[in-house]
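With numbering that gives the first Met the number 0 applied, the sequence shown closes on residue 461, and no number is skipped along the way. Heads up: the structure comes next, in C-alpha cells.
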Amino acid sequence: MSVFHSKFTKDEIMETLKNTDAKIHFIGVGGVGMYSLFLLSSRLGYTVSGSDRELSPLLNKLIDEGYDVSVGHTSENACGKDLVVYTLALPADNPELVYAEDNKIPAVSRAEYLGVLMENYCERISVSGSHGKSSTTAMISSVLTAAGLDPTVVLGASLPNSDSPLRVGGKEYLVFEGCEYKDAYLRFSPTVTVFTNLEHDHVDYFSDIESIRQSFLAAMNIPKVAIVNCDDENLRRLIPLAKSKIITYGESENADYRVIIYSLKAGYYGFKILHGGRDVLEIKLSLPGRFNAMNAAGAAVFAITAGISCDIISDSLSAFRGIERRLEKIGRYSSNSVFYDYAHHPTEIKTVIESIREMTKKEVVVIFKPHTYSRTAGFMDDFVRALSLADRVLLCEISAIREKAIEGVSSAAIASKIGEKAVVISDDSVIDALKEVENSSIVIMGAADLSRVKDLILKKGK
0 MSVFHSKFTK DEIMETLKNT DAKIHFIGVG GVGMYSLFLL SSRLGYTVSG SDRELSPLLN
60 KLIDEGYDVS VGHTSENACG KDLVVYTLAL PADNPELVYA EDNKIPAVSR AEYLGVLMEN
120 YCERISVSGS HGKSSTTAMI SSVLTAAGLD PTVVLGASLP NSDSPLRVGG KEYLVFEGCE
180 YKDAYLRFSP TVTVFTNLEH DHVDYFSDIE SIRQSFLAAM NIPKVAIVNC DDENLRRLIP
240 LAKSKIITYG ESENADYRVI IYSLKAGYYG FKILHGGRDV LEIKLSLPGR FNAMNAAGAA
300 VFAITAGISC DIISDSLSAF RGIERRLEKI GRYSSNSVFY DYAHHPTEIK TVIESIREMT
360 KKEVVVIFKP HTYSRTAGFM DDFVRALSLA DRVLLCEISA IREKAIEGVS SAAIASKIGE
420 KAVVISDDSV IDALKEVENS SIVIMGAADL SRVKDLILKK GK
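This is the structure we're talking about:
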C-alpha cells in the first residue's frame, strides 16, 4: 500500500464523513498537524481516537484531556473504525495502516483528509512557502478575527493568546498552511494562496531546486488568486507560467503592492504598502525580525484584496505578538536571555541568529538539534556556514525520526567543520555546557522535540 496516495476517492471519503457518528482514527496524533485535525474532527462531532509511537507534549495533553489516544501502534487501534487518517511520515508497514487496508477501512493522508474537510468552507485561504507559513497564516487569522469574520484556522503552531493550533469558527473562512512536503498542498483546493518564498528543501523528496519549483507551479495553478512575493527569485520565475490571477507584493518597484520597510529600533521594523504609487497603509510591528515585516506584508495584501478596512489591518498586525517557537523569548538562564525557535533550514538559522544579535546586541549562543539524516546530509555545508555566524554552537545529536544513519553524517561532523566554538552535547548535559555563558542570548532551535532541553534550562534558570 502506498502511504502517499489513497485508493479512495474524495467522493468516497465525503460519503463517510456525512455520517456524523463516524469513528475516525488518527495515526501520528502527537504531531501538531495531526493534532489540530484530531481536535477539529472532535469539534465537528466525530468520534475520534489516536495513536503515536511515543509520548510527546501534545499526546500528553490529549491524554490529560481524556481523549482516546494511546502510545504505540497496534492493529487493535484501527479495529472498528470508519476512517483512518495518517501522517506522511508513517512507514508503509505500520500495523494500524496494514490492518485498515486488509479490512477495507478507508485510509487517507492528513493532506487528503483536510482536502475533503475544506470543501465545507466558502473561502479557503492557504499560505505556502519554504519559510514563514505559520507566522503569515496566524497573521491572516488575526486580521480576519479582528474584522469579525470568525475564521476557522488550522495552524502548525499554537495561535497567539492560545495554547492550541486550532481555532474553530464559522464556515465562511478557512485559513491553513499549504505545506509542500511530498506535494501535500496539491491535495487542497484553496481559493486564494499567499506564496511567501521558495528554496530547495525536503531533500528526501525533492531532488533539486527545479523539482520543487515545478511543485510550487502546480500549487500556484490551483487557486483563483495567487498572492506572490515577487522579491523571491524562484517565485518570480514562476509568475509568467502561472494560470491563476497573480497579485504581487514586495520591495520591488514592479510589485503590484510595493512594500517600503524601515527600522523602528534595534531588531524591530515597520513598513508602508503602496499601490498605484499611493500609500495604502502603514504598520509598525510589535515583533522583531525584518523577515516578519515581509510575512506581515503578505498577510496585509491578502486582507486588502479581501476588502478589509486598512485601519483594521494596520491595528491588528501592529498588535500581533507572534506565535510559539518563532523568535519566542521564553525566559532567562542566569544573566542570559533564552529564545526558542523552530528554525531547521540553514536560511532560517542564519536569519534567527542575525535577528537576535541585531535585537539584543549580545553574543549569540545556539543550541541546535539537526532534524533527520537526509536533511543534514543535503545541507551539511549550508548548516556549517549558517551556524558559524553564532559566537558559540552546542549541537545535540541528530533527531533521526524514522531514518537510518548515513555514514559520515553527524552532529560531530558539523562541529568539526565549524571549529573550536562548536561542541556536541547530549540533551542532559546542556546545563554543564552553559556553565560559562554569561550576559548572552541563548537560542534553542530546530524542528525536533527540544522540550527537554528547554525545560532543563528554564528550570535551572529560576
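Yeah, the Cβ is synthetic: ideal placement off N, Cα and C, and Gly gets one too.
First and last residue of the uninterrupted beta strand (DSSP E) at residue i
i           : result
residue 393 : 391–395
residue 444 : 440–444
residue 422 : 421–424
residue 277 : 277–283
residue 365 : 363–367
residue 25  : 22–26
residue 137 : Taken as a continuous stretch (DSSP letters only), residue 137 belongs to no beta strand (DSSP E), being part of the alpha helix (DSSP H) at 132–145.
residue 46  : 46–51
residue 335 : 335–340
residue 123 : 122–127
residue 54  : It is not in any beta strand (DSSP E) - residue 54 carries neither H nor E in the DSSP assignment.
residue 175 : 172–176
Cβ-based burial, residue i [other Cβ within 10 Å; buried from 16]
i           : result
residue 13  : exposed
residue 268 : buried
residue 498 : What the structure shows of the chain is the stretch from 0 to 461, and residue 498 is not part of that stretch, so it cannot be assessed.
residue 45  : buried
residue 111 : buried
residue 86  : buried
residue 262 : exposed
residue 73  : exposed
residue 264 : exposed
residue 63  : exposed
residue 479 : An answer regarding residue 479 cannot be provided, because it is not within the stretch 0 to 461 covered by the chain.
residue 10  : exposed
residue 65  : exposed
residue 206 : exposed
residue 208 : exposed
residue 454 : exposed
residue 40  : buried
Element boundaries [alpha helix (DSSP H), containing residue i]
i           : result
residue 210 : 208–219
residue 96  : 94–101
residue 429 : 429–432
Residue i - DSSP class collapsed to helix/strand/coil
i           : result
residue 290 : helix
residue 272 : strand
residue 251 : coil
residue 373 : helix
residue 59  : helix
residue 155 : coil
residue 329 : strand
residue 67  : strand
residue 225 : strand
residue 235 : helix
residue 267 : strand
residue 192 : strand
residue 301 : helix
residue 34  : helix
residue 80  : coil
residue 166 : strand
residue 104 : coil
residue 112 : helix
residue 401 : coil
residue 464 : This structure does not reach residue 464, given that the chain is present from 0 up to 461, and the question cannot be answered.
Check whether residue i and residue j have beta carbons under 7 Å apart
i           : j           : result
residue 157 : residue 323 : yes
residue 224 : residue 194 : no
residue 150 : residue 189 : no
residue 164 : residue 154 : yes
residue 367 : residue 266 : no
residue 246 : residue 191 : no
residue 452 : residue 429 : yes
residue 363 : residue 381 : no
residue 424 : residue 432 : yes
residue 272 : residue 298 : no
residue 260 : residue 295 : no
residue 142 : residue 313 : no
residue 372 : residue 404 : yes
residue 447 : residue 344 : no
residue 254 : residue 248 : yes
residue 167 : residue 377 : no
Rounded distance between the beta-carbons of residue j and residue i, thought under 8 Å
i           : j           : result
residue 251 : residue 229 : 6 Å
residue 8   : residue 82  : That belief does not hold up - the Cβ atoms of residue 8 and residue 82 are roughly 13 Å apart, past 8 Å.
residue 196 : residue 131 : 7 Å
residue 117 : residue 173 : 5 Å
residue 365 : residue 392 : 5 Å
residue 136 : residue 176 : 5 Å
residue 56  : residue 450 : 6 Å
residue 28  : residue 37  : 5 Å
Residue i beta carbon near the ligand GTP (any heavy atom closer than 6 Å)
i           : result
residue 314 : The ligand GTP is not part of this structure, which contains no ligands at all.
Any chain C beta carbon closer than 7 Å to residue i
i           : result
residue 294 : The structure shown has no chain C; it contains just one protein chain.
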